[in-house]
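Q:
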Amino acid sequence: MEEQRNYEKLIPEEPPAGLVTWIVKKGLLNKELLVYKMDTVFDPLTEVSERMVKVTCTSCHQHGYFSKIEKECRAGGPAFGFVHPETGEAIGSGKHCLCPFCGGEAEARHVSAMSQMDCVEAYPLTVAKVEKRLVLQGWCVRKWFERDGSSGITTWPYEAYVFEETKTVRLVGYLKCMSTIRMFNHWEQRKAFYDSWGVANLIYPWNKRILNGSTVENSKLDLFLRATKGTEFAMPVTYLRFWQKHHTAENLVMQGAGRLLGEMMEKERHASGSYSYYGYTYGKAPLLKELHWKEARPSKILGLTKDEFHRCLAGQWNAETYQFYIQRKAEGRTLNDSDLFALIRLGAWNYEKLRQEDHLDPIKVARYLDKQKAKDTRAGLDILRDTWRMGAALGYNMENPDFKAPAHLLRLHDRFMEEKAAAEAKKAAAANRKRDKQIKKRCKEIERFAWEADGLLIRPVKDLADLNREGTLQHHCVATYARAIAEGRSAIFLIRHTDTPEHPYFTLELDEKKLTVRQNRGKHNCDRTPEVEAFEKEWLKYIRQVAAKSQRKKQKKENAA
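Residue numbers (the working numbering): 28 to 588.
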């Protein structure tokens, strides 16, 4: 097996001469700081030393001394700042303002708040050629700041890809370890290849003639980058690696399908990746096995006719649209553009559900919904399905075309909504009447526990209206106990002052089996007062006596029988 050639010393370790200037002109390094700290200033006239704030601009590198002001700044910053000499404004760490020396925009930063993160970076890609092999080189251009107010721009080799005839070699200029990264300032070759650069929307201007005589001369890289410019599919490394395996990919790019190809590659590449500590790691280079790479014509590569291919280009199909069309074509359905985009709006999942579960023609449904949206923009498949469900629940024959596909969907939907609400209200009213009778019956069963003493009285809740009124006036949830009361799982008593028996005071829940209090709450669920607590203890003694007396009577009747 042929040994892999080493490119560590062959490819440049310095970027093109105009790269940094180009980055700066694009405004990608536009960040400046006003670094400040406390310092001592000696006045030779008065021979007095004074504590002032020294401020240094990282742009013009001028410095000056300003008055200190106590000011709470951002989290982690110092609790003081300085007074801006022009505006008189209090400036603290993290605040943006104009430099008092050069007038440029800058961010104030105390020296104690500065860290390695106080930098701004750009990652451009450059195109070069080494011994007929095309090389894509990525650089880390970093603008850094020091605590003394100095700044500068440093460029490091970051990643490089050398494209041989059939192989791609990856080189890096860094080492990642946990949350840190160390720059080598030279290239180190790696055995395994994968595209860790990904999207490249910052490419230093290059001449396509550099492709002439290179290993990727016919790749049409320039056309691919033009077609995918500004998108998340602009992945030159992935494209060139794909082209090495399938040279006919250049035909798609030449005929205007470069964006579609880029999107399909990105989708497959993303699907095979995974998340790690360092973020998302893309998987292997895409293969796009569903395409016919043995064919030469772009239409046949995509599995389309010539007319379909022209429709694809004219309609600017994306990967989802293309794959949906191919799937329908495999089913024997040839869609026109109107039906195709109507079904795309419907969604692939809804298409399958309509066809397999509802046994409906998705195309007819999509056409119908488009007409309904013209009448009311709220119309959609969810509204249609909701109409079907409500109609079936209300007892309508939903096979009737007037209900299955009404002339005005939203009108029928709103009508069913009203009928449903009326039916639910009727059902709720019947349930409440039944529950009201049950609560009244329960009231009679526990009415023997009613009692009064020391200006207070306690009685069971009378009916459902009494329960709801208690919950409303007391601002608590006792009204939700209606079912439990009706079923005998709870017993609710109302505590009142004897002179105002209709005015709510406290609400008590009794455990009938144990004859203990589960809870006793006042307005807004407040705790018992000493007065209520004492009343509750005496009442418990009373009901236990009543219960014991009732038990003795019951026992006598059983013995007599």
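All C-beta atoms in this analysis are idealised placements derived from N, C-alpha and C, irrespective of residue type, glycine included. Keep in mind the model is a prediction, meaning the values are calculated, not measured.
For Ala-575, which three-state DSSP category applies?
A: Reduced to three states, the DSSP call for Ala-575 is helix.
Q: Which runs of the beta strand (DSSP E) fall wholly inside the segment 115 to 157 and span at least 3 residues, in chain order?
A: Counting whole runs of 3 or more residues, the segment 115 to 157 contains the beta strand (DSSP E) stretches 123 to 125, 132 to 137, 146 to 149 and 152 to 157.
Q: Residues in its own chain within less than 7 Å of Asn-13 by CB, not counting five upstream and five downstream?
A: With the chain covering only 28 through 588, there is no way to say anything about residue 13.
Q: Can you tell me where the beta strand (DSSP E) holding Ala-261 begins and where it ends?
A: Careful: Ala-261 lies outside any beta strand (DSSP E) and carries neither H nor E.
Q: Report the partner residues of Ile-519 according to the DSSP bridge assignment.
A: Glu-536.
Q: Which residue from Trp-224, His-274 and Ala-298 puts its Cα closest to that of His-319?
A: Closest by alpha carbon: His-274.
Q: Compute the Euclidean distance between the alpha carbons of Val-162 and Lys-156, then round it to the nearest angstrom.
A: Cα to Cα, the separation comes out at about 5 Å.
Q: In the DSSP assignment, the alpha helix (DSSP H) including Gln-465 goes from what residue to what residue?
A: Its alpha helix (DSSP H) spans residues 436 to 473.
Q: Is Arg-32 helix, strand or coil when you go by DSSP?
A: Residue state, collapsed to three classes: coil.
Q: Output the boundary residues of the beta strand (DSSP E) element that contains Thr-527.
A: First-last for Thr-527: undefined, no H or E at that position.
Q: According to DSSP, is Leu-163 helix, strand or coil?
A: Strand.
Q: At a cut of 8 Å, does the segment 133 to 141 reach the segment 219 to 226 through at least three beta carbon pairs?
A: They do not touch, by the three-pair rule.
Q: To the nearest angstrom, how far is it from the Cα of Ala-261 to the Cα of Met-291?
A: Cα to Cα, the separation comes out at about 12 Å.
Q: Using C-beta distances below 8 Å, list every residue in its chain close to Trp-233, excluding the 5 sequence neighbours before and after it, in chain order.
A: Closer than 8 Å at the Cβ level, and outside the excluded window around Trp-233, lie Thr-153 and Val-154.
Q: Measuring alpha carbon to alpha carbon, tell me which of Lys-294, Leu-287, Thr-242 and Leu-252 ends up nearest Lys-637.
A: For the chain, the structure presents residues 28 to 588; residue 637 sits outside this window and is missing.
Q: How long is the line joining the alpha carbons of Val-505 and Asn-547, rounded to whole angstroms?
A: Rounded to the nearest angstrom, the two C-alpha atoms are 11 Å apart.
Q: Are the CB atoms of Gln-31 and Val-196 within a distance shorter than 8 Å?
A: Their beta carbons are under 8 Å apart, which means Val-196 touches Gln-31 by this criterion.
Q: Would you call the segment 388 to 403 in contact with the segment 372 to 379, where contact means no fewer than 3 C-beta pairs closer than 8 Å?
A: Output reads yes: the segment 372 to 379 touches the segment 388 to 403.
Q: Can you name the residues that DSSP bridges to Cys-84?
A: The partner list for Cys-84 (beta bridge, DSSP) reads Leu-61.
Q: Flag Ala-133 as yes if its beta-carbon sits less than 8 Å from any beta-carbon of chain C, otherwise no.
A: Here chain C cannot be found, since the structure has a single protein chain.
Q: Between the Cα of Leu-55 and those of Asn-33, His-111 and Val-168, spot the shortest distance and give me the residue it belongs to.
A: Out of Asn-33, His-111 and Val-168, Val-168 has the C-alpha closest to the C-alpha of Leu-55.
Q: Between the Cα of Lys-454 and the Cα atoms of Leu-421, Ala-284 and Gly-115, which residue gives the shortest distance?
A: Ranking the options by Cα distance to Lys-454, first place goes to Leu-421.
Q: Measuring only the C-alpha atoms, how far is Ala-15 from Asp-364?
A: In the structure as shown, the chain starts at 28 and stops at 588, and residue 15 therefore has no counterpart that could be examined.
Q: Out of curiosity, what's the CA-to-CA distance linking Ala-276 and Ser-177?
A: Their Cα atoms are separated by approximately 50 Å.
Q: Which runs of the beta strand (DSSP E) fall wholly inside the segment 275 to 348 and span at least 3 residues, in chain order?
A: Here the runs fully enclosed are 301 to 303 and 306 to 308.
Q: Excluding the five sequence neighbours on either side, which residues of its own chain have a C-beta within less than 6 Å of the C-beta of Tyr-304, listed in chain order?
A: Its pLDDT being 48, under 50, Tyr-304 is placed unreliably by the model, and the measurement read from it follows with that caveat. Same-chain partners within the cutoff: there are none.
Q: Helix, strand or coil for Trp-183 per DSSP?
A: Trp-183 falls in the strand class under three-state DSSP.
Q: Report buried or exposed for Pro-433, applying the criterion of at least 16 other Cβ atoms within 10 angstroms of its Cβ.
A: The residue in question, Pro-433, is buried, as its Cβ has 16 or more Cβ neighbours within 10 Å.
Q: Look at the alpha carbon of Leu-483 and the alpha carbon of Arg-523, and state the distance between them as a whole number of angstroms.
A: The straight-line gap from Cα to Cα measures roughly 6 Å.
Q: So, Lys-64 versus Arg-78, is the Cβ gap smaller than 8 Å?
A: No. Outside cutoff.
Q: Return the first residue and the last residue of the beta strand (DSSP E) that Val-594 is part of.
A: Since the first and last residues shown for the chain are 28 and 588, residue 594 lies out of range.
Q: Below 8 Å, how does it come out for the segment 463 to 470 and the segment 433 to 442: are there three or more Cβ pairs, yes or no?
A: Result no; under three Cβ-Cβ pairs closer than 8 Å.
Q: What three-state label does DSSP hand Ser-365 in the structure shown?
A: Ser-365: helix per DSSP, three-state reduction.
Q: Return the CA-CA distance between Gly-285 and Ile-390, expressed in angstroms with no decimal places.
A: Spanning the two alpha carbons is a distance of roughly 30 Å.
Q: Give me the Cα-Cα distance between Asp-490 and Gly-418, rounded to the nearest whole angstrom.
A: About 36 Å.
Q: Buried or exposed, going by whether 16 or more other CB atoms sit within 10 Å of the CB of Lys-580?
A: Exposed: under 16 other Cβ atoms inside 10 Å.
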